[in-house]
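Protein chains: 2
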Amino acid sequence: MENFTFYSPTLFAFGKGTESDAGKYVKRFGGSKVLIHYGGGSVVRSGLLDRVKASLDKEGLPFIELGGVKPNPRSGLVYEGIEIGRKEGIDFIIAVGGGSVIDSSKAIAMGIPYDGDFWDFYQGKPVEKALPVGTVLTIAAAGSEGSPDSVITKEEGMFKRGAGSDLIRPKFSILNPELTQTLPPFQTASGATDIMAHLYERYLTNTKDVEVTDRLIEALLLTMKHETPRVIADPDNYEARANIMWAGMVAHNNTCGVGRSQDWNSHVIEHELSALYDCAHGAGLAVTMPAVFKYVMNHNVMRFAQVAVRVWGCQMDFEHPEVTALEGINAFQSFLCSIGMPKNFEELGAKQEDIPKLVDVLCHGDGRQGSISGFVTLNEEDCTKIYQMMI
Amino acid sequence: MENFTFYSPTLFAFGKGTESDAGKYVKRFGGSKVLIHYGGGSVVRSGLLDRVKASLDKEGLPFIELGGVKPNPRSGLVYEGIEIGRKEGIDFIIAVGGGSVIDSSKAIAMGIPYDGDFWDFYQGKPVEKALPVGTVLTIAAAGSEGSPDSVITKEEGMFKRGAGSDLIRPKFSILNPELTQTLPPFQTASGATDIMAHLYERYLTNTKDVEVTDRLIEALLLTMKHETPRVIADPDNYEARANIMWAGMVAHNNTCGVGRSQDWNSHVIEHELSALYDCAHGAGLAVTMPAVFKYVMNHNVMRFAQVAVRVWGCQMDFEHPEVTALEGINAFQSFLCSIGMPKNFEELGAKQEDIPKLVDVLCHGDGRQGSISGFVTLNEEDCTKIYQMMI
C-alpha cells in the first residue's frame, strides 16, 4: 500500500426530510450570506428550492439565487457566479442539485477569493483558498457531495477538465433519497453507471496487495448490481434509493481508493464524448468502459478475472483466466444495457467520423502531450482503436 | 434505512514514517502546548516517543508527558491527566499508543474544560466541549483513532463504560503499519478480533434492507479473514499489516454502520470479563461472541446464514438455514482459535463461580435496570446462560 492522507470532513445528513436542516448547517459552518446555486426547473417545480429557502429564512440567513446550471457544466456560468458572489459579499454557497450543480458551485467557491482566472485550477494550479460549500443532493451519481473534485467544461475549445483539493470538499451534504424518486429512469441509470465507473476507476490499479480497498470496491459494486434494477423497476423504492445514495458517496469520497494507483482513463476518454455531444456522462461511460476494459485487459488479466468472479458471479476458468476476465466485462456491459444504458456510438448519438477530432482533443487539447495515463498509458493510436471499438 | 448524520472529520496520515509529521499536524489543528499521553515502555524502547517529541520540537511546540496507561484504562490516570492538563495550560493532547491510550486521552480531553466529574460523560451526559486530540497508533484494534468513542474503567466498582461524541473524534490520526510489526502475535490477534467484533456488532441489526452497509461490513470481515493469518505467520508482512490497519479504522468510524440499529451486546458482556480479570479485550471477545451468537441466532437465522455464506464460504442449506447459520458461527470460532485466541473461560482465565457476580454487575451495575439491549434484549437469566456457554 502506498502512503496516503485521507481527509473527509464533510458532515452528511442522510434521510427523509433532511433538506429542512440546510439553514441550520449553513449557520453551523459559519455562513452569513448565501448563494443558492441550482440547475433547471425541477428543483423549482418540486418545491425543493422553496424548502431550502425557508430553512435559510428560519435561521435569518440572507441569500441570492443563481440557477441555470446545465449537465456538463460550463465555465460561462462559473464566471457569472464569481462576479455575483464578489459583488454581493457571499460567504457560503449551497448547491441544490446533482454533480453538475455541485461542481459549478465548487468552481465558484474557488474563484471568488482568487485574483486570477479560476480555470487555472483546472490546469493543475493548487488551490489555496475557497469559500465553504454545502450541498442538497438530488441524484446519486457524481459523488461530488463527498469528493474533493470538480469537473467543468471550458467553452472556448470545449475542454472538459477536473480540479481537486480538500478545500472544496463540502462542509455538509444533505442526502435525502426521496429527492431522487422523481428522476426519469434514464437519469437514474446514468447516475448508477457513473457510480460504478468511480469504483472501476479505483479498482484498476497497479498497486499490489491492496485487499481492503479491493474488497470495499467489490462490496459497493455488488450493492449497485443488486439495487439498481430494483429502482429501475420501482422508482419509489426508498430503501433501494437509500442504498444507492450512500454507495455513491462512499464510492467517491476515496475511502475505498486510498493507498493505490487509480485509472481514470475511462473518465477522460468519456469526457470528450459528453463535451462534444452533450450526452449524459453516465451514458457515455456505459459505452466507454467496456471498450477500454477489453483494450487494456491483458495488462492484468487476473484483476479482471477477480472482479468477474467476486462481483459478476462468473466461475473462474483456472486454465484460461482471460476467458473469465472477458466474461466479467461482458456481464458488466449486459448489466448496463439491462438498466437502459446505450452500448455503442449510435445509441449514444456519437459519430464515427468525429473520432479523429475526439482523439486530437483527448491527447493534445489543453496542454496534453499526445497520451493519457492511468492503469495503462494510452497514445493516439490506442485511443483511436478504443473509440473504434465503441462503434 | 434509518435517518442518520455521519461526520468523520479526522485527517488520516497513513504509511511508513508518518509519525515524523505529528508536530506539523498539531500545529495545523491549532495546538500550542501539548500533553503526550502513552502507556508503558514499548513506545519508549522503540524510539517512537523520541520521534514524536522531535517532531514537536521541530515545530517549536512545548509539551509535557504522562505515561502509564494500562490496557483497560482506568479513571485514576484520567483524573491525574485532567489535573496536569489544567495546571500546565495544555491545549492539545497526543495519544501515542493503542485504543487504551487514545480512550484515556479522549477522557482527559473532555475532562479538562468540564467543571464536573468527567465520569458524567460515561453515564450518558452529552459532551459540550473537549480539547483536540491527535493520535499516533501502535496497534490495529480498537478503532478509536477514527471513532467518536472512549471506554474507561472506573476503579470504584470496576465499572467499564463508554462515552461518545463527535467532539472527541481525533483531529488527526497517524497510522504507520510498521509500528505494529513488533507486536507479539497474541496482541496482534486480539486486535484483529476486536476489529471483527466491531464489524459483527454492526452486522447484527434489526433494520431491514441495508445492503450497502451489509456489503461493506462483509468486505472488511473478508479482509480480516484473509490478512490476519498472514501477519500471524509473518509479523513483518507490511502489506498485510497495512490492510488490517485501514480495515480497523473503517470498521469503527461508522462508514459501515450508519442508518441501521446495531448490537454491542457482545461488547458489554465482554467488558465485565476484562474489567474483572484484566484480560485482553479482544481475547475476551473471542470467547464471548460465539456464545452470544449461538444464543441469539434464532432471532434472525437468515442474517447469520448470510454472513456464513458470504464471509465464511459456507454452502447455503436452503432447507435448513439454521444449519448454515451455525456453521458460520463455528467457522468464525475456529478461525479465532487458529490465530491463537482462547475459546473458553479456562483459556481466558475466567472462573465459573464468578458468573453471578459478572451478571450482577452487567445487569445492575452503574444504573442498569436488569437487562442489556441490542440485537436482542437480554435479561439476567439470558446473560447467565451466555456466560455458562463459555465454560
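For the protein sequence lines, the chains are A and B, in the order given.
With numbering that gives the first Met the number 0 applied, the first sequence corresponds to residues 0 to 390, in that order.
With numbering that gives the first Met the number 0 applied, the second sequence corresponds to residues 0 to 390, in that order.
Glycine included, each C-beta is placed from N, C-alpha and C at the ideal position.
Go ahead and pull the three-state DSSP assignment for residue i.
i	result
Val-135(A)	strand
Pro-8(B)	strand
Ser-260(B)	coil
Ile-390(B)	coil
Leu-34(B)	strand
Ala-349(B)	coil
Ser-143(A)	coil
Glu-271(A)	helix
Asn-2(B)	coil
Tyr-181(B)	It is Thr, not Tyr, that sits at residue 181(B) in the sequence shown. It is coil, neither helix nor strand.
Gly-29(A)	coil
Ile-338(A)	coil
Lys-153(B)	strand
Arg-367(B)	coil
Glu-380(B)	helix
Ala-290(A)	helix
Arg-73(B)	strand
Asp-148(A)	strand
Lys-23(A)	helix
Gly-190(B)	helix
Ser-60(A)	The residue you asked about is not Ser; residue 60(A) is Leu in the sequence shown. Residue state, collapsed to three classes: coil.
Arg-168(A)	coil
Phe-13(A)	strand
Ala-162(A)	strand
Ile-89(B)	coil
Assuming the contact rule is C-beta atoms closer than 8 Å, residue i and residue j should be a hit. Round their C-beta distance to whole Å, please.
i	j	result
Gly-38(B)	Val-132(B)	Actually they do not touch by this definition, with Cβ atoms about 16 Å apart.
Arg-415(A)	Val-230(A)	With chain A running from 0 to 390 in the structure shown, residue 415(A) is simply not present.
Ala-290(B)	Ala-307(B)	Not quite, the Cβ-Cβ distance comes to about 17 Å (not below 8 Å), so this is no contact.
Ser-164(B)	Gly-145(B)	Contact doesn't hold; Cβ gap of about 14 Å is too wide.
Asp-316(B)	Val-322(B)	4 Å
Ala-191(A)	Thr-227(A)	4 Å
Val-267(B)	Ile-371(B)	5 Å
Leu-174(B)	Phe-11(B)	6 Å
Thr-254(A)	Leu-215(A)	7 Å
Would you mind working out which of the options sits nearest residue i, comparing C-alpha positions?
i	options	result
Arg-27(B)	Gly-59(B), Phe-3(B), Gly-40(B)	Gly-59(B)
Ala-279(A)	Gly-40(A), Thr-287(A), Gln-186(A)	Gln-186(A)
Met-0(B)	Glu-177(A), Asn-343(A), Pro-289(A)	Glu-177(A)
Asp-235(A)	Pro-320(A), Val-257(A), Val-358(A), Pro-183(A)	Pro-183(A)
Ile-92(B)	Leu-65(B), Asp-114(B), Asn-71(B)	Leu-65(B)
Pro-341(B)	Arg-309(B), Leu-377(B), Gly-281(B), Met-296(B)	Gly-281(B)
Ala-232(B)	Gly-364(B), Lys-23(B), Gly-339(B), Ser-333(B)	Gly-339(B)
Ile-138(A)	Tyr-386(A), Phe-292(A), Ala-129(A), Gly-247(A)	Gly-247(A)
Phe-5(A)	Thr-4(B), Asn-2(B), Gly-14(B), Phe-5(B)	Gly-14(B)
Ser-273(B)	Gly-348(B), Thr-206(B), Arg-214(B)	Gly-348(B)
Asn-299(B)	Pro-228(B), Phe-374(B), Arg-50(B)	Phe-374(B)
Ala-108(B)	Pro-147(B), Asp-381(B), Glu-346(B)	Pro-147(B)
Thr-222(A)	Thr-212(A), Met-244(A), Gly-256(A)	Met-244(A)
Leu-203(B)	Asn-297(B), Gly-40(B), Ser-370(B), Asp-56(B)	Asn-297(B)
Arg-73(A)	Gly-156(A), Ile-268(A), Asp-213(A), Glu-269(A)	Gly-156(A)
Phe-344(A)	Tyr-78(A), Gln-368(A), Gly-283(A), Val-211(A)	Gly-283(A)
Pro-130(A)	Asn-2(A), Tyr-113(A), Ser-143(A)	Per the sequence presented here, residue 130(A) reads as Leu, with Pro not at that position. When only C-alpha atoms are compared, the closest one is Tyr-113(A).
Phe-334(B)	Glu-318(B), Val-286(B), Asp-208(B), Asn-378(B)	Val-286(B)
Ala-21(A)	Phe-117(A), Leu-136(A), Ile-216(A), Asp-116(A)	Leu-136(A)
Asp-208(B)	Asn-242(A), Asp-213(A), Ala-304(A)	Asn-242(A)
Ser-19(A)	Arg-50(A), Gln-261(A), Ser-337(A)	Arg-50(A)
Pro-169(B)	Ser-149(B), His-270(B), Thr-179(B), Ala-304(B)	Ser-149(B)
His-270(B)	Leu-166(B), Gly-256(B), Asn-71(B), Glu-380(B)	Asn-71(B)
Taking 6 Å as the cut-off, is the CB of residue i close to at least one heavy atom of the ligand SAM?
i	result
Pro-61(B)	Of ligands this structure carries none, so the ligand SAM is not represented either.
Please confirm if residue i has its CB atom under 7 Å from at least one CB of chain D.
i	result
Thr-134(B)	The structure shown has no chain D; the protein chains it does contain are A and B.
*Which runs of the alpha helix (DSSP H) fall wholly inside the segment 91–129 of chain A and span at least 4 residues, in chain order?*
98–110
*Return the residues of the segment 91–102 of chain A that lie within a Cβ-Cβ distance of less than 9 Å from chain B, sorted by chain order.*
none
*Between the segment 107–127 of chain A and chain B, which residues of the former have a C-beta closer than 7 Å to a C-beta of the latter?*
none
_Uninterrupted alpha helix (DSSP H) stretches inside the segment 200–253 of chain A (no shorter than 4 residues)_ = 210–232, 237–251
*asked:* Please identify, using Cβ separations under 8 Å, the residues of the segment 244–260 of chain A that lie next to chain B, in order along the chain.
replied: Trp-245, Ala-246, Val-249, Thr-254, Val-257, Gly-258
*Identify each residue in the segment 7–18 of chain B for which the Cβ-Cβ distance to at least one residue of chain A is less than 9 Å, and report them in chain order.*
Ser-7, Pro-8, Thr-9, Leu-10, Phe-11, Ala-12, Phe-13, Gly-14, Lys-15, Gly-16, Thr-17
*Mind listing which residues of the segment 276–297 of chain B have their C-beta closer than 7 Å to chain A's C-betas, in chain order?*
none
*If you measure beta-carbon to beta-carbon, which residues of the segment 210–236 of chain B are closer than 8 Å to chain A?*
Glu-210, Val-211, Thr-212, Arg-214, Leu-215, Glu-217, Ala-218, Leu-219, Leu-221, Thr-222, His-225, Glu-226
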